[in-house]
Amino acid sequence: MSSFALGKRLCNRVYALFRNSNHRGVLISRRRLFTELQCSSATPQNYVLFNCGVSDFKNISGFPFSTLRLFSTQVAIEPSTADGLTVEGIIGNRWTILEESESDWRSHAAAIAQSIHLIKKRLQWKKLMMRLELLSVELNKADLWDDPAHAGKISREHGSIMGKIKEMKAFERELLEHIDMIKLAREENDAELESESLNALLSMRRNSKEKELEALLAGENDSCSCYIEVQAGAGGTESMDWAAMVMQMYIMWAQRHGFKVTVMEEMPGEIAGIKRATIKLDGEYAFGYAKAEVGVHRLVRISPFDSNKRRHTSFAAVAVIPISGDASTHVQINEADLRIERFRSGGAGGQSVNTTDSAVRIVHIPTGITATCQNERSQHQNKASAMAVLQSRLNQLEMARQAQMNAQHTQSLSDITWGNQIRSYVLHPYQMVKDLRTNYEVSDPDSVLEGDLDSFILNYLSTSLDKD
Amino acid sequence: MGSAVPLQLHSIGRGAMRLSISRAYLAAPHRVRPSRSICSSSSKPRIPLFLRPPNYSATLTDLQKWHDWAKTLSSSVGSSFVDADNGPDSALLHRELKWLVEDAVEDKSISSELRTNSEQNHEHNLRNVRLKVGIEELYRLWKQRIHERRPFQYIVGCEHWRDLILSVEGVLIPRPETEVLVDLVAEVVSDNEALREGFWVDLGTGSGAIAIAICRVLEGRGRVIATDLSPTALTVAGYNVQRYGLQELIELRQGSWYKPLRDVVGKLSGIISNPPYIPSDNIVGLQAEVGKHEPRVALDGGTNGMDELIHLCDEAAVMLKPGGFFAFETNGEDQSKYLVKYVEDNHRGRLCDLKIVSDFAGIPRFITGFLNEPL
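Chains as they are written, first to last, in full-length UniProt numbering: chain A, 1 to 468; chain B, 1 to 375.
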């Protein structure tokens, strides 16, 4: 065994140990290591390639050398193995991907590389890099902090993108290091080390599947809570009943996900169903998932409201509004621009009337946007809830104004044209739910209407992000 | 209410909310010896339904049966109450039923189950549900609601008013309109921080709603004296004040209007009241929930409904300190206009900046003003 290989092996083992220990400890030692290294006159090349001798290791008092690579914050440097293999290279090799249970490192490596490729696509990697460059230029401007709000936003976004890029790069490097280790283990006939590294690859492969999913929800507002609004299309009671079914579907779907559901407003139909309703979903990634539902949902069935038992087609429109914490789209509402109304006024009011109906409607006079809440038990709470809805609607308007590319998911109900059908639910003459955007379909409408929507949502999200 | 509120909500015991006040605010600037003070009430009102322990139980099936029965009963009302005396319609009664379930069950998720899954499997429906009241009592309560038109707030023993939940047993149920009175105070004290200090009074406090809400607006800096003629009202108000942990800041005194306030003449920062203002002749035709169940003494304002309001205005000129604020609720446009004219005619130069403020239904509902500051 060459002294170089021995040193490298040692360092990787120590590194592996460190990765498992608590992070703070690692961080501190990395920083210390960095200073020590600078003292030990390491050249920049040392950081990137395994080309330094054992003598250097002794100077670093036993700290693993490979951790040094983590310091390279220059994202432009393409990580590679000792023999120059990159993640793109692995994909180019077209190694066969076998089942997870097959202990073949090439198969694991190829699967992980493919995941990395997919995740980057979902994160819109090239756009991300361009955006980062733009933000860096912005951050380096001398007059940046003249506008602290803007500066804060820029540096936050820069930080968030840097975080994503670093995480991906670290993931890539980890993959390549394990490959290095396996090659080394084979060279040295070290079965223990080989199986260790193989297991590490396997756990990376599993982890990468989760990362793929996470990358589907990497949009700006995806992690936000949201409002879902449903409105019945033309067609009277039959459509209103359909709108109520759609709303019920979302309530049940949200409950499965553990989102807190609050009915904000509901305009019941005269005979059955709802004309329109708004619910609020509180929870992580509520908007990220729910945004896939924006559009018109179509129902075909024998109408229970038709005494002649004819087949009817009904429509319901769905809008989804993120409840964004982003200050740049937070519209300052001027109290003087508001008109607040009791929803059902009439009669003398005051002491003469005892009603538990304390619904409140708020009209934002300049835009004509209104919000209503009737679900709370006091007028004060109804007003507060309606204000929150109004705030979100105004923010949404601002968001749409700011970013046309977001427009698709920030459409309000009034913007959704009835031609914009996204999904068909057929209960008669056959049974099927089909998403018209992805062509994904199932033959069990009942389970979908009971909130089993995840496969539709994930299919849509991956289709819309994974297309080239 | 932009500035920090020094009140913190703590959750204690069985979900009961209590307000704790940082010590600094407990030291009143100068204590006033109450003439007749009600410190603690010997008799307590019944505990609101939602606060009672879940000592009862029923199977989900039985609860569902009651719920279906209650729903049918509410549906049968249709618009008949609306037509008769502008009472509640079926839709409103359905909503009240939902709230009754929320208050009566321990596990809140039951209420959504009752609405959605009426055909669950048998085993599931034999599950026991913990209740705060027996199932027979639930039948009795809903019969009272529909057949006797007993106000929903008396059924559940509480009213949600602003961000408060108040016991209202035997007292006037605070109306949504009256919430605005508190907003008016919040506005005034944010314009003039000095008004936050000193004494505020709530005359004819009833459940104590206005006193408690104002006390919270004052952020612990001012003190509130709440008066009422009725011992029942003072008992209920005392219970509510205690529940929000404000007994150090709100003093309850028994007596008619300003009578128990002889020690603070000319010292008040603010006077707020929702006095009885319905003309005597109108009491008979009132919505059944109001006319048949709520205390007449809290509603009847004499021949033209203005007896108490005029008295309140006359005395305000004496009781307020210079710059002090008053706000009274009225029956509507006629009374508000009349009062403004009355004050202009009788207290010119003393009470100033008179304003009529509308409620959310657009009805001119409140009259506000200040005591002139000497030049």
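Don't be surprised by glycine CBs; every beta carbon is placed ideally from N, CA and C. Quick caveat: nothing in here was measured; it's all calculated off a predicted structure.
Give a yes or no on whether the minimum CB-CB distance between residue i and chain B is below 8 Å.
{"i": "Ala371 of chain A", "result": "no"}
{"i": "Ser358 of chain A", "result": "yes"}
{"i": "Gly269 of chain A", "result": "no"}
{"i": "His117 of chain A", "result": "no"}
{"i": "Ile279 of chain A", "result": "no"}
{"i": "Gln391 of chain A", "result": "no"}
{"i": "Gln114 of chain A", "result": "no"}
{"i": "Gln431 of chain A", "result": "no"}
{"i": "Gln381 of chain A", "result": "yes"}
With residue i as the anchor, note down where its alpha helix (DSSP H) starts and where it stops.
{"i": "Ile182 of chain A", "result": "148-188"}
{"i": "Asp89 of chain B", "result": "That residue, Asp89 of chain B, is in no alpha helix (DSSP H); it is neither H nor E in DSSP."}
{"i": "Leu252 of chain B", "result": "That residue, Leu252 of chain B, is in no alpha helix (DSSP H); its beta strand (DSSP E) goes 250-254."}
{"i": "Ser76 of chain B", "result": "60-77"}
{"i": "Tyr139 of chain B", "result": "135-147"}
{"i": "Val87 of chain A", "result": "87-93"}
Between residue i and chain A, is there a C-beta pair that is closer than 8 Å?
{"i": "Trp161 of chain B", "result": "yes"}
{"i": "Pro151 of chain B", "result": "yes"}
{"i": "Gln287 of chain B", "result": "yes"}
{"i": "Trp200 of chain B", "result": "no"}
{"i": "Ile212 of chain B", "result": "no"}
{"i": "Trp99 of chain B", "result": "yes"}
{"i": "Val236 of chain B", "result": "no"}
{"i": "Ile146 of chain B", "result": "no"}
{"i": "Leu299 of chain B", "result": "yes"}
{"i": "Ile173 of chain B", "result": "yes"}
{"i": "Val290 of chain B", "result": "yes"}
On the three-state DSSP scale, how would you describe residue i?
{"i": "Val263 of chain A", "result": "strand"}
{"i": "Thr368 of chain B", "result": "strand"}
{"i": "Leu453 of chain A", "result": "coil"}
{"i": "Gln242 of chain B", "result": "helix"}
{"i": "Lys120 of chain A", "result": "helix"}
{"i": "Phe65 of chain A", "result": "Low confidence applies here, because Phe65 of chain A scores a pLDDT of 41, under 50, leaving its location unreliable and the question unanswered by this model."}
{"i": "Arg367 of chain A", "result": "According to the sequence displayed, residue 367 of chain A carries Thr and not Arg. Correct three-state label for Thr367 of chain A: coil."}
{"i": "Glu100 of chain A", "result": "coil"}
{"i": "Trp200 of chain B", "result": "strand"}
{"i": "Ala186 of chain B", "result": "helix"}
{"i": "Ser195 of chain A", "result": "helix"}
{"i": "Phe152 of chain B", "result": "helix"}
{"i": "Asn128 of chain B", "result": "strand"}
{"i": "Ala142 of chain A", "result": "coil"}
{"i": "Lys280 of chain A", "result": "strand"}
{"i": "Tyr250 of chain A", "result": "helix"}
{"i": "His160 of chain B", "result": "strand"}
{"i": "Glu229 of chain A", "result": "strand"}
{"i": "Tyr56 of chain B", "result": "strand"}
{"i": "Asn22 of chain A", "result": "For Asn22 of chain A, the predicted structure reports a pLDDT of 40, less than 50, and the residue's modelled location is therefore unreliable. The matter cannot be settled from this model."}
{"i": "Cys215 of chain B", "result": "helix"}
Identify the contact partners of residue i in chain A, using a Cβ-Cβ distance below 7 Å as the criterion.
{"i": "Ile278 of chain B", "result": "Gln351, Ser352"}
{"i": "Leu51 of chain B", "result": "Near Leu51 of chain B there are no residues of chain A at all, since even the closest Cβ is about 15 Å away, more than 7 Å."}
{"i": "Glu96 of chain B", "result": "Thr356"}
{"i": "Val357 of chain B", "result": "Within 7 Å Cβ-Cβ: nothing; Val357 of chain B doesn't reach chain A, min ~12 Å."}
In chain B, what lies closer than 8 Å to residue i by C-beta?
{"i": "residue 475 of chain A", "result": "As shown, chain A starts at 1 and ends at 468. That puts residue 475 of chain A outside it, with no answer to give."}
Mind listing the chain B neighbours of residue i? Cutoff is C-beta to C-beta under 9 Å, in chain order.
{"i": "Ile340 of chain A", "result": "Phe360"}
{"i": "Gln332 of chain A", "result": "None at all; the shortest Cβ gap to chain B is about 13 Å."}
{"i": "Ser378 of chain A", "result": "Glu159, His160, Trp161, Arg162, Asp163, Leu164, Ile165, Pro176, Glu179"}
Against residue i, what residues of chain A qualify as contacts under a CB-to-CB distance less than 8 Å, listed in chain order?
{"i": "Ala91 of chain B", "result": "Pro268"}
{"i": "Val340 of chain B", "result": "Per Cβ cutoff of 8 Å: no residues; Val340 of chain B is ~17 Å from chain A at best."}
Report the neighbours of residue i on chain A: residues whose CB is nearer than 9 Å to its CB, in chain order.
{"i": "Val188 of chain B", "result": "Residues of chain A passing the Cβ test: none, with the nearest at roughly 15 Å."}
Locate the beta strand (DSSP E) running through residue i, then write down its first and last residues.
{"i": "Ile165 of chain B", "result": "164-167"}
{"i": "residue 379 of chain B", "result": "Only positions 1 to 375 of chain B appear in this structure, which leaves residue 379 of chain B out of reach."}
{"i": "Ala226 of chain B", "result": "223-228"}
{"i": "Val105 of chain B", "result": "Segment: none, Val105 of chain B is in no beta strand (DSSP E) and carries neither H nor E."}
{"i": "Asp423 of chain A", "result": "At residue 423 of chain A the sequence reads Arg, which differs from the Asp that was named. Looking at the DSSP string, the run of the beta strand (DSSP E) that includes Arg423 of chain A is 421-426."}
{"i": "Val433 of chain A", "result": "432-435"}
Which runs of the alpha helix (DSSP H) fall wholly inside the region 260-332 of chain B and span at least 4 residues, in chain order? 288-291, 307-319
4 or more residues per run - each alpha helix (DSSP H) lying fully within the region 287-337 of chain A: none
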